[in-house]
Amino acid sequence: MRITALAGGVGGARFLRGLVHHLRADYPDEQPQVTVIGNTGDDITLFGLRVCPDLDTILYTLGGGVHEGQGWGRADESHHVAAELAELGATPQWFSLGDKDFATHIYRSQLLARGMPLSSVTAQLAARWGLGDHGVTLLPMTDTPVETHVVVTQGGDQVAIHFQEWWVRHQAALEADRFVVAGLDSATAAPGVLEAIRSADVVLLPPSNPVVSIGIILGVPGVRDALRGTRAPVVGVSPLVGGRPVRGHADVCLRTIGVDTTSEAIAGLYQDFLDGWLVDSEDAMAHLTGSSRLAVVARPLLMSSVAAAADIAGAALALALRVAGAPDQTELQK
Ligand code: GDP
Ligand code: CA
Numbered sequence: 162m163r164i165t166a167l168a169g170g171v172g173g174a175r176f177l178r179g180l181v182h183h184l185r186a187d188y189p190d191e192q193p194q195v196t197v198i199g200n201t202g203d204d205i206t207l208f209g210l211r212v213c214p215d216l217d218t219i220l221y222t223l224g225g226g227v228h229e230g231q232g233w234g235r236a237d238e239s240h241h242v243a244a245e246l247a248e249l250g251a252t253p254q255w256f257s258l259g260d261k262d263f264a265t266h267i268y269r270s271q272l273l274a275r276g277m278p279l280s281s282v283t284a285q286l287a288a289r290w291g292l293g294d295h296g297v298t299l300l301p302m303t304d305t306p307v308e309t310h311v312v313v314t315q316g317g318d319q320v321a322i323h324f325q326e327w328w329v330r331h332q333a334a335l336e337a338d339r340f341v342v343a344g345l346d347s348a349t350a351a352p353g354v355l356e357a358i359r360s361a362d363v364v365l366l367p368p369s370n371p372v373v374s375i376g377i378i379l380g381v382p383g384v385r386d387a388l389r390g391t392r393a394p395v396v397g398v399s400p401l402v403g404g405r406p407v408r409g410h411a412d413v414c415l416r417t418i419g420v421d422t423t424s425e426a427i428a429g430l431y432q433d434f435l436d437g438w439l440v441d442s443e444d445a446m447a448h449l450t451g452s453s454r455l456a457v458v459a460r461p462l463l464m465s466s467v468a469a470a471a472d473i474a475g476a477a478l479a480l481a482l483r484v485a486g487a488p489d490q491t492e493l494q495k
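Quick look at the structure:
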């Protein structure tokens, strides 16, 4: 079975870790292939180093090296380099980078400087974290450098600041007018991205931020068309639990693009290709379930543990098999 997933950072990574656990338990005799298309709109150059927060969160989480409490960064981390940079007066100081994490960014930047594309660099990092042992291939959505910017009003003027400055430094509290993704229009999907969508047996949308994670990946030329055209069922998981984002500021992002913070409105963002949608038990979508071609299943969606995330991933796969009309799991194992 070939599964392709689009993913941002923490929400995506936790879902994918659950998926890997579910597949190991339910398909012990075959190695399903999971191709992850990661968001690179969050990428930023800091201290001369290229940082890819969403890709790294997936690498650390699937590789067993993530700081569980934070959901990002490395476990057992120290911050000597950041402290020394602060002594030097180097900026910015609002983005936390630990020492082990710095090594990732130094290595990535070294390979990029030699001319290696980000997709190949990411493959090197994925090998370090053993993603292949889980049948996972991690692809950046594009090798073209792109950056999500946020247009805000400062002192009466509209200025675009990097997404990370808005999200991390200002905690999304600066009134945003719109998101602009520098470089996205002329970006090319990274090698394998469009093929992974077209040739998948199942396409999954983890509960990643619908605007600044999934929404950015959908903006890569060709991705949305590939999703519309794929023969695979496309099933998504709502990022809302009890009507609210579990963490982060997805509600602010949605408001910025004029969309309500409801599971129904988020499904609407994907309506041209979505076949199935998992919503939290508390977020009923009664009128949608009956009236649309979208198959909706309500269940608990809090990824409170790896086991809980595995159950959610299993429910997403089961819904995909159902909408694909497969009589049982064996149908898709070929
Ligand atoms: P980021 O790049 O680190 O912000 O992570 P993502 O974009 O991948 O995911 C962020 C989204 O994950 C947020 O909008 C959260 O609401 C959602 N999320 C986080 N934890 C959970 C959870 O346990 N259940 C569900 N359903 N969504 C979650
Ligand atoms: Ca992110």
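As numbered in the working numbering, residues 162 to 495 make up the sequence shown, in order. Yeah, the Cβ is synthetic: ideal placement off N, Cα and C, and Gly gets one too. For clarity, every value in this text was computed on a predicted model and none was experimentally measured.
| Item | Value |
| --- | --- |
| Quick check: is any heavy atom of ligand 1 less than 7 Å from the C-beta of W233? | yes |
| Kindly list the residues whose CB is nearer than 7 Å to the CB of K261, restricted to its own chain and excluding five residues on each side of it in sequence; keep chain order. | R235, E238 |
| I need the residues with a C-beta less than 5 Å from some heavy atom of ligand 2; please give them in chain order. | G169, G170, D203, D215 |
| Which runs of the beta strand (DSSP E) spanning at least 3 residues fall entirely within the region 330 to 356, listed in chain order? | 337 to 343 |
| Rounded to whole angstroms, what is the Cα-Cα separation between P306 and D204? | 8 Å |
| Is it true that the CB of H183 sits closer than 8 Å to the CB of A471? | yes |
| Do you know offhand how far L207's Cα is from E248's? | 16 Å |
| So, for V484: in the same chain, excluding its five sequence neighbours on each side, which residues have a beta-carbon less than 8 Å away from its beta-carbon? | P394, V396, D436, G437, A456 |
| Nearest by alpha-carbon distance to G270: which of L210, T283, V227, Q325 is it? | Looking at the sequence shown, residue 270 is not Gly but Ser. That would be L210, whose Cα lies nearest to the Cα of S270. |
| Let's test the definition: count the other Cβ atoms within 10 Å of the Cβ of H241 and tell me whether it reaches 16, buried, or not, exposed. | exposed |
| Taking W327 as the reference, give the member of F340, D318, G316, G230 with the closest Cα. | F340 |
| In whole angstroms, what separates the C-alpha of L463 from that of R275? | 42 Å |
| I'd like to confirm the pairing. Which residues does DSSP put opposite Q194 in its beta bridges? | R163 |
| So for T391, helix, strand or coil by DSSP? | coil |
| Any idea which residues DSSP pairs V458 with across the strands? | L439 |
| Check for me: the alpha helix (DSSP H) holding P301 runs from which residue to which? | Per DSSP, P301 belongs to no alpha helix (DSSP H); it is in the beta strand (DSSP E), 297 to 301. |
| Which class does D294 belong to by DSSP, given the choice of helix, strand or coil? | helix |
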